[in-house]
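Report on one structure; see the data block that follows.
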Amino acid sequence: LERCGAFFPDRYPEDYDLTFRFYENDLKCIPSDQLLHRWRDYPNRTSRTHVHYAQNYFLDIKLKYFLKLNHDPSRELTVWGAGFKGKTIAQSLVKAGVPFFWICDNPNKIGKTIYDQVMLPFHALKDLSNPQSIITVANEEAQSAIRKHLQEWQMKPMQDYFFFC
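Counting with this note's numbering, you get residues 1 to 165 for the letters of the sequence shown.
Now the structure itself:
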């Protein structure tokens, strides 16, 4: 815990951020067969009601650590998905000045320009030179189809593509 800088009181959700710092420092979390802590859950708990625990904070942390630890700027970055998470990631990349291609399978969005990015059909991914992809599609069936395409194109998880869902 000390090696990772413990908890940052101003970075929320703090345990989620800590998990990525464990990853950054090559620390492994191991399971326990014993009950170590009895967590109380109730509807008005801070982590259920406070703005700092909203979905966009999780995405911000994921993107921050992806760019720091896994992103290879020499590779063409791709965002796959044009829903809420895809748009949030795309907007953050534009703001950070990180170039990327944006792909989806929605015929109503392909060819449209969103955040100054032209939405490409997903199969354009296989024509890019050594791409690295952030997948933001949450639907399980769609994820399964995406994995099938990525395997056909000999792409490897946590190297060539990263699911942000």
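Note that the Cβ used here is the ideal one computed from N, Cα and C, for glycine as well. From a predicted model like this one, the values you see are computed outputs, not experimental measurements.
Item	Value
Tell me the rounded alpha-carbon separation between Ile114 and Leu67.	22 Å
What do you reckon, are the CB atoms on Phe164 and Ile146 nearer than 8 Å?	no
Can you list, in chain order, the residues of its chain whose CB lies under 7 Å from that of Cys29, leaving out five sequence neighbours each side?	Phe22
If you reduce the DSSP assignment to three classes, tell me which class Phe66 lands in.	helix
Locate the alpha helix (DSSP H) running through Phe101, then write down its first and last residues.	No alpha helix (DSSP H) contains Phe101, which is instead part of the beta strand (DSSP E) from 101-104.
Val169 and Phe100 look like a contact to me (Cβ under 8 Å); what is the Cβ gap, rounded to whole Å?	Residue 169 lies beyond the range of the chain shown here (1 to 165); nothing can be said about it.
Check whether the region 142-156 touches the region 89-96, counting contact only when three or more Cβ pairs, one atom from each stretch, lie closer than 8 Å.	no
So, does the region 28-44 touch the region 70-85, judging by three or more C-beta pairs under 8 Å?	no
Taking C-alpha atoms, which residue in Pro131, Asp116, Asp41, Lys156 lies nearest to Lys95?	Asp116
Alpha carbon to alpha carbon, how far is Asp26 from Ile61?	18 Å
Which whole-angstrom value describes the C-beta separation of Leu69 and Glu24, a residue pair presumed to lie in contact below a C-beta threshold of 8 Å?	6 Å
For Leu125, which of Leu63, Cys104, Cys4 has the nearest alpha-carbon?	Cys104
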